[in-house]
Amino acid sequence: MSKNYFLAFDLGASSGRAMLGTLEQGKLKLSEIHRFQNRMTRIHGTHFWDIYSLFEELKTGLRKCVSDFKVQPQSVGIDTWGVDYALVNKKGRLAGLPFAYRDHRTDNSMEQFFQRLPRKETYLLSGIQFMQFNTLFQLFASVQNKDSELRIAEKLLFTPDVLNYLFTGVQKNEYTIASTSQMLKPGKAEWEHELFDIAGIDRKLGGELVQPGTLLGNILPEIQQETGSADIPCVAVASHDTASAVVSVPAQGENWAYLSSGTWSLLGIESPCPLVSEKSLEMNFTNEGGVEGTTRFLKNIMGMWLVQECKRIWDQEKELDWQQIVELSTGAEPFKCFINPDDPLFLNPGNMPEAIREYCRKTNQYVPETKGEIARCIYDSLALKYKFTLAQVETITGKRIEKLHIIGGGANNEMLNQFTANATGIPVIAGPTEATAIGNILMQAKALGVLTSLTEAREVVRNSFEVKEFQPVADLNWKNAFARFEKLL
Ligand code: LFR
Numbered sequence: 001m002s003k004n005y006f007l008a009f010d011l012g013a014s015s016g017r018a019m020l021g022t023l024e025q026g027k028l029k030l031s032e033i034h035r036f037q038n039r040m041t042r043i044h045g046t047h048f049w050d051i052y053s054l055f056e057e058l059k060t061g062l063r064k065c066v067s068d069f070k071v072q073p074q075s076v077g078i079d080t081w082g083v084d085y086a087l088v089n090k091k092g093r094l095a096g097l098p099f100a101y102r103d104h105r106t107d108n109s110m111e112q113f114f115q116r117l118p119r120k121e122t123y124l125l126s127g128i129q130f131m132q133f134n135t136l137f138q139l140f141a142s143v144q145n146k147d148s149e150l151r152i153a154e155k156l157l158f159t160p161d162v163l164n165y166l167f168t169g170v171q172k173n174e175y176t177i178a179s180t181s182q183m184l185k186p187g188k189a190e191w192e193h194e195l196f197d198i199a200g201i202d203r204k205l206g207g208e209l210v211q212p213g214t215l216l217g218n219i220l221p222e223i224q225q226e227t228g229s230a231d232i233p234c235v236a237v238a239s240h241d242t243a244s245a246v247v248s249v250p251a252q253g254e255n256w257a258y259l260s261s262g263t264w265s266l267l268g269i270e271s272p273c274p275l276v277s278e279k280s281l282e283m284n285f286t287n288e289g290g291v292e293g294t295t296r297f298l299k300n301i302m303g304m305w306l307v308q309e310c311k312r313i314w315d316q317e318k319e320l321d322w323q324q325i326v327e328l329s330t331g332a333e334p335f336k337c338f339i340n341p342d343d344p345l346f347l348n349p350g351n352m353p354e355a356i357r358e359y360c361r362k363t364n365q366y367v368p369e370t371k372g373e374i375a376r377c378i379y380d381s382l383a384l385k386y387k388f389t390l391a392q393v394e395t396i397t398g399k400r401i402e403k404l405h406i407i408g409g410g411a412n413n414e415m416l417n418q419f420t421a422n423a424t425g426i427p428v429i430a431g432p433t434e435a436t437a438i439g440n441i442l443m444q445a446k447a448l449g450v451l452t453s454l455t456e457a458r459e460v461v462r463n464s465f466e467v468k469e470f471q472p473v474a475d476l477n478w479k480n481a482f483a484r485f486e487k488l489l
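Residue numbers for the sequence shown follow full-length UniProt numbering, beginning at 1 and rising by one.
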């Protein structure tokens, strides 16, 4: 049986990489071809993404694959974080740099939007959780600010759409990434024009929506020349990173939930249809698009961003690796203080350790001083927030969740995996850690007819990657901690 090669470009808010997937006899092997940093760039106080340098890094990845690894991939696919976008003008050029979603320009956008259309109606039209950085509110902020880019904009492309376009010249909107915008109808690959009208966004900006697994077009001859690549297709994979990650959950049967753990923690279930109700509105759950008509019913939890941002500050003094941070936290006393990880204070505070201290001070708790105490406070609070959110999923769906699959880089943190098992009282199955790249590759394989379905794709994941199980240990301390934590929320 022949080998099949696919190249995945997987971009997160802090780093990006090119990963080669080799699929042979139902088994997938991964090789890292290229890794690079991604950072918001602050220009005159506003945060942007340097999309052109990301494009250059992707081309470097393709070039290295062909010249250093001596492999001509059969296709490429791109996935990125959600909600961010670029506008394209009549000539097909990008109208300015894309804003970064953590920029503070949308701090009051939701409230202003709700003066035009109340929260509930907005939710019923979109089924999407409220986060101030959703594309709808970003564009609304641009309308309010009279951003001149809007006057010349012809099309709206989300980050993976933009990169697909730079590679192929084809401008399309992939469904899973478009669903993060809050501008589609719940569970449908259809723009909700009423939301465009209310925000003052030109309807023509919403382009043709395509399902994940669509062949978009071949990479441009000039890029083939520049990289040495063959004339290969670019696949619209499940181009929202979280959607790609969910593809690779090695689950079977029912009653499981996933936690895609990276910069964000995305906790939820795969549902056959959107779940839009009073309860899901009240608990602010989202219905993002998945593959094969599924819905990603989930909630954003602030995730490893809290630790990443502490590390960024602490590294100024002395560089620590992730394991050292975990070790410092195991040395600190547990359950001394908690944060609500999703307090808006933590979205982009500039100095995360200080923000955590401030939160504890404001809520009359012990104020953590050392790095270990702060890290411990974050890990305890995350595990407790996972429990809290899982209980919400059960309340909304009326179903009992029996196991939790943790996928993505965060699944490497064995201490947090065990905390999560203890806090939730259910087994945690950790891995694969390369979930997004794997999901990206598997959707390319499906688009090229090498795999036929999501079920088959998950079988490949089970055959190819080890997972580790963490059994819950009954511990009264977690119960008591949860009672205190719940009061804080
Ligand atoms: C994870 C993620 C989340 C999205 C957030 C912002 O990387 O894509 O799913 O809510 O980033 O785009």
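Positions of the beta carbon are idealized from the N, C-alpha and C atoms, including for glycine. Just so it is clear, the structure is predicted and the values come from calculations on it, not from any experiment.
- Residue selection by CB proximity (closer than 7 Å to any heavy atom of the ligand LFR) returns G12, A13, W81, G82, V83, D84, Y101, M131, F133, T180, H240, D241, T242, G262, T263, W264, L266, N300 in chain order.
- Secondary structure of L20 (DSSP, three-state): strand.
- Note that the stretch 222-232 does not touch the stretch 376-392; fewer than 3 beta-carbon pairs, one per stretch, sit closer than 8 Å.
- If you draw a straight line from the Cα of K91 to the Cα of E149, it is about 13 Å long.
- A check of alpha carbon separations from I198 across F158, Q144, A189, L382 identifies Q144 as the nearest.
- Considering only A445, K385, I406, S126, the residue with the shortest C-alpha distance to K479 is K385.
- For Y379, the enclosing alpha helix (DSSP H) starts and ends at 371-397.
- Beta bridge pairing from DSSP links G217 with C234.
- Boundaries of the beta strand (DSSP E) harbouring V76: 75-80, taken from the DSSP string.
- A direct Cα-Cα distance of roughly 27 Å separates Q132 from F9.
- By the Cβ criterion, the stretch 153-160 is in contact with the stretch 86-102, since at least three pairs of Cβ atoms, one from each stretch, lie closer than 8 Å.
- Between the beta-carbon of N417 and that of V326 there is about 11 Å, and that puts the pair past the 8 Å contact cut.
- When the Cα atoms are used, T263 and A411 turn out to be separated by approximately 12 Å.
- For A355, same chain residues with a beta-carbon under 7 Å away, outside a window of 5 residues either side, are L345, F346, P349 in chain order.
- With 16 or more neighbouring CB atoms inside 10 Å of its own CB, C65 falls in the buried class.
- Excluding its 5 nearest sequence neighbours in each direction, I201 has C-beta neighbours in its own chain below 6 Å: L139, listed in chain order.
- The Cβ-Cβ distance between S277 and G303 does not fall below 7 Å.
- Cβ atoms of N218 and P233 come within 8 Å of each other, at about 5 Å.
- Fewer than three Cβ pairs drawn from the stretch 75-87 and the stretch 108-123 lie within less than 8 Å of each other, which leaves the two stretches out of contact.
- K27 and N477 have their alpha carbons spaced roughly 42 Å apart.
- By the criterion of at least three beta-carbon pairs nearer than 8 Å, the stretch 239-248 is in contact with the stretch 277-294.
- Residues of the same chain with a CB within less than 8 Å of the CB of E190, apart from the 5 flanking positions on each side, are L184, L209 in chain order.
- Non-local beta-carbon contacts of T242 in its own chain, meaning distances under 6 Å to residues more than five positions away in sequence, involve S260, L266 in chain order.
- Under the criterion of beta carbons closer than 8 Å, T168 and L205 do not qualify as touching, at roughly 20 Å.
- In chain order, P186, P274, V276, N287 place their CB closer than 6 Å to the CB of G127, counting only its own chain and leaving out the 5 sequence neighbours on each side.
- Taking C-beta separations shorter than 6 Å and ignoring five residues to either side along the sequence, the partners of Y175 in its chain run A189, L209, Q211, G289, following chain order.
- When secondary structure is reduced to three states using DSSP, G206 falls in the coil class, being assigned neither helix nor strand.
- A contact is defined here as three or more CB-CB pairs under 8 Å, and the stretch 67-75 fails this definition with respect to the stretch 35-52.
- Taking all protein chains in view, the Cβ of S2 is surrounded by fewer than 16 other Cβ atoms within 10 Å, so the residue is classified as exposed.
- Excluding its 5 nearest sequence neighbours in each direction, G213 has C-beta neighbours in its own chain below 6 Å: M443, K446, A447, listed in chain order.
- D10 is bridged by DSSP to R17, D79.
- A straight-line Cα-Cα distance of about 33 Å links M415 and V237.
- Taking the Cα positions, E486 is about 13 Å away from F335.
- Residue range 428-430 is occupied by the beta strand (DSSP E) that includes V428.
- When the Cα atoms are used, T295 and E317 turn out to be separated by approximately 44 Å.
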